[in-house]
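So the protein lines, in turn, are chains R and V.
So for the first sequence, the numbering used here puts the first residue at 1; every next one is plus one.
So for the second sequence, the numbering used here puts the first residue at 1001; every next one is plus one.
2 protein chains.
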Amino acid sequence: MCDFDRQYNQLMGLVNDYLYNLLVQMERYPVIIYDSIEYSLFAGGKRLRPIILLSTHSLLEGNIEESMPLAGGLEMIHTYSLIHDDLPAMDNDDYRRGIPTNHKKFGEGIAILAGDALLNLAYETMLENALLYQDRLVRHIGAINTIAQAAGIRGMIGGQVVDLENEGKRVTDVTLKYIHDHKTGSLFMASILAGISLEDPPEYISRALQEYGRSLGLAFQVVDDILDVTGNYKELGKITGRDRDKGKATYVDKYGLDGSRSIVKELYERAVDQLAIFGSRGKFLGELASFIINRHN
Amino acid sequence: MCDFDRQYNQLMGLVNDYLYNLLVQMERYPVIIYDSIEYSLFAGGKRLRPIILLSTHSLLEGNIEESMPLAGGLEMIHTYSLIHDDLPAMDNDDYRRGIPTNHKKFGEGIAILAGDALLNLAYETMLENALLYQDRLVRHIGAINTIAQAAGIRGMIGGQVVDLENEGKRVTDVTLKYIHDHKTGSLFMASILAGISLEDPPEYISRALQEYGRSLGLAFQVVDDILDVTGNYKELGKITGRDRDKGKATYVDKYGLDGSRSIVKELYERAVDQLAIFGSRGKFLGELASFIINRHN
């Protein structure tokens, strides 16, 4: 196993342990909502957003124990957005990560409430953690606020709305970019910005990390569009071609497969260029970018 | 117009102005989500939770300008819960406050996202306000955390889940009390607790206010159950008897109309008794309790 895999798996294990312990400590009543939350929260997610936050925070010499609840919060927000996105009134997907979607397993009512519960639990978790660092409270509230802005109407939810409104329509480049920047890009950026908020690095470092995050977030989404066409059910865990069937706006539609692959390459290079200032300490984030663009699911 | 009506209307006007100005300052893109949010947020709500918070905070000699964003946050959380509760997969209601429910007007997808957006916007709003009071940040985070706990799985959402799970079933007294305490009671309590968090009064004052909030929250819900049977569409703005038709657990079912009215009277008296320590300064909260139990919608 190479260094990157070992580091990635280690961070993923820490995130999984954190989320597991958080839920295990709760009262588990009513049982069904905990079952529903756990079903989606432990469905084999790659924990990309938490890992970006933790590794950014670590690069800035922060203590990842302090940022773990923010990383967990990001993953809860991401998971809630998937549960709601899969609902019949939204994307109407029956499978995700190779298993039935939350509403297929628990019914729509519980799936809606499980999403609501995860969004709210993210804030409960991040706020309680903030109260443990009273001498650094302003930084924590700044970090939580950054995540809140990214998750909301001016971020991820805005992207979901424009996506939903444009199903089956031919969209402009500007609209396509808006959807991708907001629906996926916002939380990626927040993973970086939250780490920055906690450690307040010099401006040139902050700028480089933000540009890394922006490029990476967009690359992630273009790869998603490519995989919807080239991937297969076994690797992806969901039925491919769904976006195309639903007339969703995608990069492949707009720029073709080759054009989209060129965009990914360009974005990857722009992301990695930003890491030069960190020397060998930036290695993990560079390999993370490579991992994200070369993934098969 | 009596003193109480004037004071109530003044506070309601301040809350409405605050929410209106908050939304007007935003970018309004994508338009439909703002339309959907405004539709439900300005559908004629009584603003009970914000008014309880503001008047508690004022009684504790706090400045209500400081607590207004928390009051607004409470109302956004309450409104999101109504939008999601009305969905076909939940209560499946077509009318609320005399107009079509959010999903009837905007479709289910937008209604789900409008609810998500309101919940998230509540946190954005409360966090940004907290950052304006850096010397009182611990108190603000305490107040926001109190609201977060009340809104979440251990509070309101827990109540919604148990309510959903028990539709059409005969429930025990314990379950009925759980649903009411959590589904409605939690946010009522949080309106009181948030004011307490901001001003940190002596223990005996805190205890009295909490007991007031607990009794009032439960009384509110029992009155709701009574109105579902005795109210009419014109006054209530929604079809009555819906809870009964859906086999929902209600106090009227369990204790009959007269029994439920006795419970309300008892709870009202317990609430008002707590206010004695405030003398004439507790007058508004006392009249608010009377307003809540004597309402017709």
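Each residue gets a CB set at the ideal place from its N, CA and C atoms; glycine is no exception.
Only a predicted model underlies this, so the values are computations on that prediction, with no experimental measurement involved.
Query, Result
"If you measure between the beta carbons of R:L198 and R:E66, is that distance less than 8 angstroms?", "yes"
"Relative to the C-alpha of R:L11, which residue among R:I33, R:G45, R:V24, R:K265 is closest?", "R:G45"
"Closest to V:S1280 by CA distance: which of V:F1291, V:L1059, V:Q1210 is it?", "V:L1059"
"Would you say R:N145 lies against chain V (beta-carbon separation less than 8 angstroms)?", "yes"
"Exposed or buried, V:N1120, counting other C-beta atoms within 10 Å across all chains shown (16 or more means buried)?", "buried"
"Going by DSSP, which residues form a beta bridge with R:I99?", "R:R96"
"So V:T1056 is in the alpha helix (DSSP H); what residue range does that whole segment cover?", "1048–1059"
"Quick one: grab the DSSP three-state call for R:L288.", "helix"
"Whole-angstrom Cβ separation of V:A1089 and R:G109, contact assumed at under 8 angstroms?", "4 angstroms"
"What is the DSSP secondary structure of R:G62, counted as helix, strand or coil?", "coil"
"When you measure from the CB of V:Y1039 to every non-hydrogen atom of the ligand MN, does any distance come out below 7 angstroms?", "As for the ligand MN, it is missing from this structure, which has no ligand bound."
"I need the straight-line Cα distance from R:T101 to V:Q1274, nearest angstrom please.", "49 angstroms"
"Does the distance from the C-beta atom of R:L298 to that of R:E38 stay below 8 angstroms?", "Residue 298 of chain R lies beyond the range of chain R shown here (1 to 297); nothing can be said about it."
"Near V:Y1251, what residues of its chain come up, given a Cβ to Cβ distance below 6 angstroms and the 5 sequence neighbours on each side ignored?", "V1222, D1225, S1260"
"Could you spell out the range, first to last residue, of the alpha helix (DSSP H) harbouring V:S1040?", "1031–1041"
"Apart from the five residues just before and just after R:G286, which ones in its own chain have a Cβ nearer than 6 angstroms to its Cβ?", "V272, L275"
"For the putative contact between R:G155 and R:Q149, defined by C-beta atoms under 8 angstroms, what is the C-beta separation to the nearest angstrom?", "6 angstroms"
"So, for R:S40: in the same chain, excluding its five sequence neighbours on each side, which residues have a beta-carbon less than 6 angstroms away from its beta-carbon?", "T79, I83, N102"
"Helix, strand or coil, according to DSSP, for V:Y1133 in the structure here?", "coil"
"From the beta carbon of R:D298, is the nearest beta carbon of chain V less than 8 angstroms away?", "Because chain R here runs from 1 to 297, residue 298 of chain R falls outside it and cannot be looked at."
"Taking 8 angstroms as the cut-off, does the region 1164–1180 of chain V touch the region 1126–1138 of chain V (at least 3 CB pairs, one atom from each stretch)?", "no"
"Just to check my reading of the structure: R:K283 and R:L176 have Cβ atoms closer than 8 angstroms, yes? What is that Cβ distance to the nearest angstrom?", "No, R:K283 and R:L176 are not in contact; Cβ-Cβ is about 33 angstroms, not under 8 angstroms."
"Using a Cβ-Cβ cutoff of 8 angstroms, what residues of the region 122–137 of chain R are near chain V? List them in chain order.", "Y123, E124, L127, E128, A130, L131, Q134, L137"
"Can you tell me whether R:V153 is helix, strand or coil according to DSSP?", "Note that residue 153 of chain R is Ile in the sequence shown here, rather than Val. DSSP places R:I153 in coil when its eight states are reduced to three."
"Measuring CA to CA, which of R:F278, R:L193, R:F4 is closest to R:I147?", "R:L193"
"Could you compute how far the alpha carbon of V:A1117 sits from the alpha carbon of R:I112?", "14 angstroms"
"Using only the alpha-carbon positions, how far apart do R:D181 and R:L227 sit?", "18 angstroms"
"Out of V:S1081, V:D1200, V:K1104, state which residue places its alpha-carbon closest to the alpha-carbon of V:E1061.", "V:D1200"
"Starting from R:K169, follow the alpha helix (DSSP H) in both directions and report where the run begins and ends.", "Looking at the DSSP string, R:K169 is not in any alpha helix (DSSP H), and its letter there is neither H nor E."
"Would you give the residue range spanned by the alpha helix (DSSP H) that V:H1182 belongs to?", "No alpha helix (DSSP H) holds V:H1182; DSSP gives it neither H nor E."
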